[in-house]
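Novice:
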Amino acid sequence: MDDTLHHLFRYKAWADDQLLTALARLGDHSPITALAITALSHTYVVDRIFAAHIRREAHAYTSANLSEMPTLEDLSADLRRSDQEYIDYVTTLHHDRLAEHFDFTFTDGAAGRMSREEMLMHVVTHGTGHRGQISAVMLLNSVPPAKDGFTTYLHEAQASARRRAVAERR
4 MDDTLHHLFR YKAWADDQLL TALARLGDHS PITALAITAL SHTYVVDRIF
54 AAHIRREAHA YTSANLSEMP TLEDLSADLR RSDQEYIDYV TTLHHDRLAE
104 HFDFTFTDGA AGRMSREEML MHVVTHGTGH RGQISAVMLL NSVPPAKDGF
154 TTYLHEAQAS ARRRAVAERR
(Lines of atoms letter the chains of each structure in order from A; the text may use other names.)
(Lines give C-alpha, C1' and ligand atoms only; values in the text may rest on other atoms or scores of the structure.)
Protein backbone atom coordinates (compact mmCIF):
# COMPACT_ATOMS: atom_id res chain seq x y z
CA MET A 4 0.00 0.00 0.00
CA ASP A 5 2.95 2.35 0.56
CA ASP A 6 3.70 2.59 -3.17
CA THR A 7 0.00 2.87 -3.95
CA LEU A 8 -0.43 5.84 -1.60
CA HIS A 9 2.64 7.52 -3.07
CA HIS A 10 1.25 7.05 -6.59
CA LEU A 11 -2.22 8.20 -5.62
CA PHE A 12 -1.14 11.39 -3.86
CA ARG A 13 1.28 12.31 -6.62
CA TYR A 14 -1.55 11.66 -9.06
CA LYS A 15 -3.91 13.84 -7.00
CA ALA A 16 -1.41 16.70 -7.06
CA TRP A 17 -0.90 16.27 -10.82
CA ALA A 18 -4.64 16.13 -11.57
CA ASP A 19 -5.35 19.15 -9.34
CA ASP A 20 -2.57 21.05 -11.10
CA GLN A 21 -3.94 20.11 -14.53
CA LEU A 22 -7.37 21.42 -13.56
CA LEU A 23 -6.10 24.57 -11.87
CA THR A 24 -4.01 25.37 -14.95
CA ALA A 25 -7.01 24.85 -17.24
CA LEU A 26 -9.17 27.08 -15.03
CA ALA A 27 -6.52 29.81 -15.02
CA ARG A 28 -6.70 29.83 -18.82
CA LEU A 29 -10.47 30.36 -18.61
CA GLY A 30 -10.00 33.32 -16.28
CA ASP A 31 -11.70 34.57 -13.14
CA HIS A 32 -14.81 35.84 -14.93
CA SER A 33 -15.83 32.51 -16.44
CA PRO A 34 -18.94 30.97 -14.84
CA ILE A 35 -17.12 27.64 -15.03
CA THR A 36 -14.32 29.04 -12.88
CA ALA A 37 -16.78 30.30 -10.27
CA LEU A 38 -18.43 26.89 -10.01
CA ALA A 39 -15.04 25.18 -9.93
CA ILE A 40 -13.85 27.41 -7.10
CA THR A 41 -16.88 26.39 -5.05
CA ALA A 42 -16.21 22.67 -5.60
CA LEU A 43 -12.44 22.91 -5.19
CA SER A 44 -12.63 25.03 -2.06
CA HIS A 45 -14.86 22.34 -0.55
CA THR A 46 -12.29 19.71 -1.57
CA TYR A 47 -9.52 21.80 -0.02
CA VAL A 48 -11.40 22.18 3.27
CA VAL A 49 -12.07 18.43 3.47
CA ASP A 50 -8.39 17.78 2.69
CA ARG A 51 -7.36 20.04 5.56
CA ILE A 52 -9.91 18.54 7.97
CA PHE A 53 -8.62 15.03 7.29
CA ALA A 54 -5.00 16.21 7.47
CA ALA A 55 -5.80 17.29 11.02
CA HIS A 56 -7.57 13.98 11.79
CA ILE A 57 -4.68 11.80 10.61
CA ARG A 58 -2.30 13.82 12.78
CA ARG A 59 -4.72 13.80 15.72
CA GLU A 60 -4.84 17.59 15.71
CA ALA A 61 -7.72 19.99 16.08
CA HIS A 62 -8.95 22.04 13.13
CA ALA A 63 -10.94 25.25 13.07
CA TYR A 64 -13.48 24.28 10.39
CA THR A 65 -17.13 24.25 11.43
CA SER A 66 -18.29 23.35 7.93
CA ALA A 67 -16.89 21.51 4.92
CA ASN A 68 -17.70 24.62 2.87
CA LEU A 69 -16.26 28.11 3.09
CA SER A 70 -18.62 31.01 3.70
CA GLU A 71 -16.49 33.26 1.50
CA MET A 72 -14.93 31.98 -1.72
CA PRO A 73 -11.22 32.56 -2.35
CA THR A 74 -9.80 33.79 -5.62
CA LEU A 75 -8.63 31.11 -8.02
CA GLU A 76 -5.06 32.29 -7.46
CA ASP A 77 -5.29 31.93 -3.67
CA LEU A 78 -7.13 28.62 -3.87
CA SER A 79 -4.56 27.28 -6.34
CA ALA A 80 -1.69 28.13 -4.00
CA ASP A 81 -3.50 26.60 -1.01
CA LEU A 82 -4.49 23.43 -2.84
CA ARG A 83 -1.01 22.90 -4.29
CA ARG A 84 0.55 23.41 -0.85
CA SER A 85 -1.93 20.96 0.69
CA ASP A 86 -1.24 18.38 -2.02
CA GLN A 87 2.50 18.66 -1.35
CA GLU A 88 1.93 18.21 2.38
CA TYR A 89 0.06 14.97 1.69
CA ILE A 90 2.85 13.74 -0.61
CA ASP A 91 5.40 14.51 2.10
CA TYR A 92 3.21 12.84 4.73
CA VAL A 93 2.71 9.55 2.87
CA THR A 94 6.41 9.50 1.90
CA THR A 95 7.41 9.36 5.57
CA LEU A 96 4.44 7.36 6.88
CA HIS A 97 5.36 3.94 8.21
CA HIS A 98 3.15 1.12 6.92
CA ASP A 99 2.30 -0.02 10.48
CA ARG A 100 0.50 3.25 11.16
CA LEU A 101 -2.04 2.85 8.34
CA ALA A 102 -4.35 0.55 10.31
CA GLU A 103 -4.54 2.86 13.34
CA HIS A 104 -8.14 3.99 13.95
CA PHE A 105 -9.23 7.40 15.16
CA ASP A 106 -12.44 8.71 16.65
CA PHE A 107 -13.37 12.19 15.47
CA THR A 108 -16.36 14.41 14.89
CA PHE A 109 -17.56 15.40 11.43
CA THR A 110 -18.36 19.09 10.89
CA ASP A 111 -22.09 18.25 11.08
CA GLY A 112 -21.55 16.91 14.60
CA ALA A 113 -21.82 13.21 13.72
CA ALA A 114 -19.32 10.84 15.29
CA GLY A 115 -16.75 9.25 13.00
CA ARG A 116 -14.21 6.46 13.28
CA MET A 117 -11.82 5.60 10.47
CA SER A 118 -8.37 4.17 10.02
CA ARG A 119 -5.56 6.39 8.82
CA GLU A 120 -5.55 4.43 5.56
CA GLU A 121 -9.30 4.96 5.09
CA MET A 122 -8.91 8.69 5.71
CA LEU A 123 -6.12 8.93 3.14
CA MET A 124 -8.18 7.00 0.60
CA HIS A 125 -11.13 9.30 1.29
CA VAL A 126 -9.02 12.35 0.50
CA VAL A 127 -7.97 10.86 -2.85
CA THR A 128 -11.42 9.66 -3.91
CA HIS A 129 -13.24 12.75 -2.68
CA GLY A 130 -11.05 15.02 -4.79
CA THR A 131 -11.47 12.76 -7.82
CA GLY A 132 -15.24 13.03 -7.56
CA HIS A 133 -15.24 16.81 -7.47
CA ARG A 134 -12.74 17.10 -10.32
CA GLY A 135 -15.16 14.92 -12.29
CA GLN A 136 -18.02 17.30 -11.52
CA ILE A 137 -15.98 20.22 -12.79
CA SER A 138 -15.02 18.29 -15.93
CA ALA A 139 -18.71 17.64 -16.58
CA VAL A 140 -19.47 21.37 -16.28
CA MET A 141 -16.63 22.11 -18.69
CA LEU A 142 -17.96 19.59 -21.20
CA LEU A 143 -21.50 20.99 -20.89
CA ASN A 144 -20.06 24.40 -21.76
CA SER A 145 -18.06 23.08 -24.73
CA VAL A 146 -14.75 23.57 -22.93
CA PRO A 147 -12.27 20.68 -23.11
CA PRO A 148 -11.70 19.36 -19.58
CA ALA A 149 -8.26 19.06 -18.05
CA LYS A 150 -6.39 15.78 -18.39
CA ASP A 151 -7.03 13.87 -15.20
CA GLY A 152 -6.80 10.15 -15.91
CA PHE A 153 -4.64 8.01 -13.66
CA THR A 154 -3.28 6.17 -16.70
CA THR A 155 -2.35 9.48 -18.34
CA TYR A 156 -0.57 10.54 -15.16
CA LEU A 157 1.38 7.26 -14.94
CA HIS A 158 2.47 7.43 -18.56
CA GLU A 159 3.56 11.06 -18.25
CA ALA A 160 5.24 10.69 -14.85
CA GLN A 161 7.00 7.46 -15.75
CA ALA A 162 7.30 7.78 -19.51
CA SER A 163 10.66 6.05 -19.87
CA ALA A 164 9.65 3.15 -17.60
CA ARG A 165 6.51 2.69 -19.66
CA ARG A 166 8.42 3.01 -22.94
CA ARG A 167 6.50 6.06 -24.01
CA ALA A 168 7.60 9.51 -25.01
CA VAL A 169 6.11 12.26 -22.91
CA ALA A 170 3.25 13.83 -24.81
CA GLU A 171 3.27 17.56 -25.23
CA ARG A 172 0.98 19.43 -22.86
CA ARG A 173 -2.24 20.46 -24.48
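According to this note's numbering, the sequence shown is numbered sequentially starting from 4. C-beta atoms are modelled at their ideal positions from N, C-alpha and C, and glycine is treated no differently.
#1: Look up Met72 in the DSSP assignment and say whether it is helix, strand or coil.
#2: Measuring straight from C-alpha to C-alpha, what distance separates Asp99 and Ile57?
#3: Are there 16 or more other CB atoms within 10 angstroms of the CB of His133, so buried, or fewer, so exposed?
#4: Pairs of beta-carbons, one from the region 146-153 and one from the region 41-52, closer than 8 angstroms: are there three or more?
#5: For Arg51, I'd like the list of residues in its chain whose CB is within less than 8 angstroms of its CB, leaving aside the five on either flank, ordered along the chain.
#6: Does the beta-carbon distance from Leu26 to Leu75 come in below 8 angstroms?
#7: Roughly how many angstroms lie between the CA atoms of Glu103 and Ser163, to the nearest whole one?
#8: With distances taken Cα to Cα, identify the nearest neighbour of Phe107 among Val93, Thr94, Leu101, Met122.
#9: Could you give the first and the last residue of the continuous alpha helix (DSSP H) run that contains Ala42?
#10: Nearest CA to the CA of Phe12: which residue from Leu82, Leu143, Met117?
#11: Rounded to the nearest angstrom, what separates Asp31 and Ala18 at their Cα positions?
#12: Would you call the CB atoms of Ser175 and Leu101 closer than 8 angstroms?
#13: Between the beta-carbon of Thr110 and the beta-carbon of Ala149, is there less than 8 angstroms?
#14: Does Gly130 come out as helix, strand or coil in the three-state DSSP assignment?
#15: For a quick check, are the C-beta atoms of Thr131 and His9 less than 8 angstroms apart?
Specialist: The relevant details are as follows:
#1: Reading the sequence shown from its first residue, position 69 is the one you call residue 72. Note: Met72 maps to coil in three-state DSSP.
#2: The count along the sequence shown starts at 1 and reaches residue 99 at position 96. The count along the sequence shown starts at 1 and reaches residue 57 at position 54. Their Cα atoms are separated by approximately 14 angstroms.
#3: Here residue 133 corresponds to residue number 130 of the sequence shown, with the count starting at 1. Label assigned to His133: buried.
#4: Contact fails: fewer than three Cβ-Cβ distances are below 8 angstroms.
#5: The sequence position of residue 51 within the sequence shown is 48, counting from 1. Answer for Arg51: His62, Tyr64, Ser85, listed in chain order.
#6: Your numbering for residue 26 matches position 23 in the sequence shown. Your numbering for residue 75 matches position 72 in the sequence shown. Result yes, Cβ atoms of Leu26 and Leu75 sit closer than 8 angstroms.
#7: As a first step, residue 103 must be located in the sequence shown, where it is residue number 100. As a first step, residue 163 must be located in the sequence shown, where it is residue number 160. Computed Cα separation, rounded: 37 angstroms.
#8: By 1-based counting over the sequence shown, the position of residue 107 is 104. Checked all of Val93, Thr94, Leu101, Met122; the closest Cα to Phe107 is Met122.
#9: Residue 42 sits at position 39 when you count from the first residue of the sequence shown. That run of the alpha helix (DSSP H) goes 34-57.
#10: The sequence position of residue 12 within the sequence shown is 9, counting from 1. It is Leu82 whose Cα lies nearest to the Cα of Phe12.
#11: Here the question's residue 31 lines up with position 28 in the sequence shown. Here the question's residue 18 lines up with position 15 in the sequence shown. When the Cα atoms are used, Asp31 and Ala18 turn out to be separated by approximately 20 angstroms.
#12: Nothing can be reported for residue 175: it is not among the residues displayed for the chain, which extend from 4 to 173.
#13: Counting from one through the sequence shown, the residue named residue 110 turns up at place 107. Counting from one through the sequence shown, the residue named residue 149 turns up at place 146. Against a cut-off of 8 angstroms, the Cβ pair of Ala149 and Thr110 comes out as no contact.
#14: Residue mapping note: residue 130 aligns to position 127 of the sequence shown, counting from 1. Here DSSP, grouped into helix, strand and coil, assigns Gly130 to helix.
#15: By 1-based counting over the sequence shown, the position of residue 131 is 128. By 1-based counting over the sequence shown, the position of residue 9 is 6. Contact flag unset, no.
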